[in-house]
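Here the sequence shown stands for residues 16 to 516, numbered as in the numbering used here.
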Amino acid sequence: MEFYLKCSLKTSADPTVAKEAIAQIMADAETGILAKGAPAGEGAKIKSWSLGDNKINLELTSGKNVRVHDAVLRVRKQVADALGKAKVGVRGIEVDTFTITVPSPHDLKNKNIPHVKSVLFDEKAQTLCLTLDVGESEMKNQVPDRILTLLEDKIEQDEYGAKAEHWHLLWESEDRPFHYVDDPTEDMLKHGWLKRGAGRGQWIHGPASTKLFRTFEKIVVDEILTPLGYNEMIFPKLVMWDIWKHSGHAKGIYPEIYYVCPPKTRDPAYWEDVMDYYKVTREVPTELIKTKIGDPIGGMCYAQCPPCWGFFQGETIAKDSLPVRVFDRSGTSHRYESGGIHGIERVDEFHRIELVWLGTKEQVVETTQKLHERYMHIFNDILDLKWRKAWVTPWFMAQEGLAGVAADEVTGTTDYEAPLPYRGKDGEWLEFQNVSINGDKYPTGFNVKCQTGEQLWSGCSGVGLERWTAAFLAQHGLDPEKWPEEFRKRFGEMPKLVKFM
Ligand code: ATP
Ligand code: ZN
Ligand code: MG
Ligand code: MG
Ligand code: MG
16 MEFYLKCSLK
26 TSADPTVAKE
36 AIAQIMADAE
46 TGILAKGAPA
56 GEGAKIKSWS
66 LGDNKINLEL
76 TSGKNVRVHD
86 AVLRVRKQVA
96 DALGKAKVGV
106 RGIEVDTFTI
116 TVPSPHDLKN
126 KNIPHVKSVL
136 FDEKAQTLCL
146 TLDVGESEMK
156 NQVPDRILTL
166 LEDKIEQDEY
176 GAKAEHWHLL
186 WESEDRPFHY
196 VDDPTEDMLK
206 HGWLKRGAGR
216 GQWIHGPAST
226 KLFRTFEKIV
236 VDEILTPLGY
246 NEMIFPKLVM
256 WDIWKHSGHA
266 KGIYPEIYYV
276 CPPKTRDPAY
286 WEDVMDYYKV
296 TREVPTELIK
306 TKIGDPIGGM
316 CYAQCPPCWG
326 FFQGETIAKD
336 SLPVRVFDRS
346 GTSHRYESGG
356 IHGIERVDEF
366 HRIELVWLGT
376 KEQVVETTQK
386 LHERYMHIFN
396 DILDLKWRKA
406 WVTPWFMAQE
416 GLAGVAADEV
426 TGTTDYEAPL
436 PYRGKDGEWL
446 EFQNVSINGD
456 KYPTGFNVKC
466 QTGEQLWSGC
476 SGVGLERWTA
486 AFLAQHGLDP
496 EKWPEEFRKR
506 FGEMPKLVKF
516 M
């Protein structure tokens, strides 16, 4: 990897007055300021320098340590001190050429990167030429470093392709025969349990499937939330960009967001032509509406926990309040799913209970352990499911478009999956919920601290009610007579269904 920067430090007057001092700085730099923090011999190098008309020309090269933009800031500081004595100021850094060369086995698919003028591929490396507007403030704000990280991620991702997610089995229940092998969604439709909603991937649940959802919720409340001390909260469901910037989702969820745009004004006169158009044509003029709404302010709830962090943001939490254990079930989640929307299991509008816990690393790990135990009890003793647990790519890597697993062995996501017998013996298993230890990602991202100064960690778990229903019905069928006794007890009587003539 190589960085190359040709630039000049603009000065307020002729820099020749401090010629000797500057020469000394340049002579000492490679073994002094440009070596600091780098392994021996791996700091930045000065390829050339010269004094010009109210400027100092500078050519720097570096590897990944003390990168050229960091190096030029270090040189600038010393030069500014030397020139200051002669009452000459440094006005800024003017870039002439800034390139980053990274080894790469293949060309990039998408070369449209902010602050990058061109990307050249020569069989084994990519050379990025940055635009000239990358100045001092971009250098201070680590823009070149982020460009490099982005490039490395892209190269890695292009290599992994679609099979990017990591998967590793942790536990699986014993094999068993299934007496029911139909597609429960089809069956539910036939029996009048639900109907398709007007929207894409949206359902209207009638009394029977709604009662199933509520029974699952009650099981979660009685078997997990109450005994383990989780308190209910209400998290916002319209999520602003700022939240997703802090949570990391702003890096990758764009293809799946349902975007929200507010009206430019609520003045009825401004909207009169829209109303009139509809009244006359009975068509909603969506093109006209587009001109009257603002930019998207964010989107509908995607993952449930990010907006809860606004509650803790910027706070220092008392040690005796930890671990904090809360949950939300106050509204729907929305995702623009790909062609894969199927039945009730992959939908664009879904219902989920989200558990969030926050504490020291030990508290978070222990809380997670207890949760896994309670889930095991529910799926084995109450729902009597065949299911398994797998260690997968953590959500924050998956949703930021990265592959692999987190660096340590504790942080990451466990998926709970169940087979759907109607998909055949080797059919794809359905992820019906997840449990994640997110490390310090959220407390750091939202600047939440502990009274004692200990590092805070957090975890979360999303109980997908559509997914529980899909797994339960796919394995047990729609006939309550055939449901496990422990579940039937909790479900009670089947509600009377509406008969359509
Ligand atoms: P999948 O791999 O099936 O696309 P996911 O990994 O994208 O799911 P998460 O982001 O982990 O889903 O969300 C947590 C939980 O929310 C999932 O385990 C699942 O129970 C539920 N969920 C996610 N997407 C959907 C959906 N489109 N329809 C119904 N439930 C969903
Ligand atoms: Zn979460
Ligand atoms: Mg998904
Ligand atoms: Mg998944
Ligand atoms: Mg998941």
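By construction, the Cβ of each residue, glycine as well, lies at the ideal position given by its N, Cα and C atoms.
- Annotation: F228 to Y195 spans about 20 Å, alpha carbon to alpha carbon.
- Under a 10 Å Cβ-count criterion, H84 is classified as buried, with 16 or more other Cβ atoms of the shown protein chains found around its own Cβ.
- When only Cα atoms are considered, Q466 and A33 end up about 51 Å apart.
- Sequence-distant partners of K226 (beyond 5 residues in either direction) whose C-beta falls short of 6 Å from its own C-beta, in its chain, are P510.
- Looking at the DSSP output, C320 bridges to nothing.
- With contacts defined by Cβ atoms closer than 8 Å, A59 and A86 form a contacting pair.
- For T76, the secondary structure class from DSSP, reduced to helix, strand or coil, is strand.
- Three or more Cβ pairs closer than 8 Å define a contact, and the segment 322-342 meets that threshold against the segment 368-376.
- In the three-state reduction of the DSSP assignment, N125 falls in the coil class, being assigned neither a helical nor a strand state.
- Within the same chain, M16, E17, E57 come within 7 Å of G78 by CB-CB distance, once the 5 residues on both sides are set aside.
- Not a single heavy atom of ligand 4 lies less than 7 Å from the C-beta of D363.
- Judged by the Cβ position, T429 fails to qualify as a neighbour of ligand 5 at the 7 Å threshold, every heavy atom of the ligand being at least this far.
- CA-to-CA, the gap between W218 and E201 works out to about 13 Å.
- Judged by DSSP in its simplified three-state form, Q448 adopts strand.
- Pairing M248 with P159, the inter-Cα distance amounts to about 41 Å.
- Separation of R161 and G221 (C-alpha to C-alpha, rounded to the nearest whole angstrom) is 50 Å.
- Among the bridge pairs identified by DSSP, D430 is matched with A405, N449.
- Apart from the 5 residues on each side of it in sequence, K126 sits with its Cβ closer than 7 Å to the Cβ of V134 in its chain, given in chain order.
- Within the same chain, G58, K60, I61 come within 7 Å of E45 by CB-CB distance, once the 5 residues on both sides are set aside.
- Counting only runs that start and end inside the segment 90-139, there is no alpha helix (DSSP H) element of at least 4 residues.
- The segment 278-290 makes no contact with the segment 249-268: fewer than 3 CB pairs, one atom from each, lie closer than 8 Å.
- Proximity of the beta carbon of R350 to ligand 1 is indicated: a heavy atom of the ligand is located closer than 7 Å.
- A straight line joining the alpha-carbon of N80 with that of L303 spans about 53 Å.
- No residue range can be given for E238, since it is assigned to no beta strand (DSSP E) and is classified by DSSP as neither H nor E.
- In this structure, R89 is the residue among I37, Y269, R89, E415 with its C-alpha nearest to the C-alpha of G52.
- Pairing N246 with I115, the inter-Cα distance amounts to about 51 Å.
- In this structure, W286 has its CB at a distance of at least 7 Å from all heavy atoms of ligand 5.
- With fewer than 16 other CB atoms across the displayed protein chains lying within 10 angstroms of its CB, Q384 is exposed.
- If the five residues before and after W402 are omitted, its C-beta is found closer than 7 Å to the C-beta atoms of S188, F394, Y431, E432, A433, all from its own chain and listed in chain order.
- L417 sits away from A485, with the two beta carbons spaced by 8 Å or more.
- Taken in chain order, the unbroken stretches of beta strand (DSSP E) that lie wholly in the segment 247-275 and span 3 residues or more are 253-255.
- Not one heavy atom of ligand 4 falls within 7 Å of the beta-carbon of E17.
- In this structure, T347 and C320 do not form a Cβ contact; the two beta carbons are roughly 15 Å apart against a cut-off of 8 Å.
- Remark: the shortest separation between the CB of N449 and any heavy atom of ligand 1 falls under 7 Å.
- DSSP places K210 in the uninterrupted beta strand (DSSP E) bounded by 209-211.
- The segment 107-123 makes contact with the segment 150-159: 3 or more CB pairs, one atom from each, lie closer than 8 Å.
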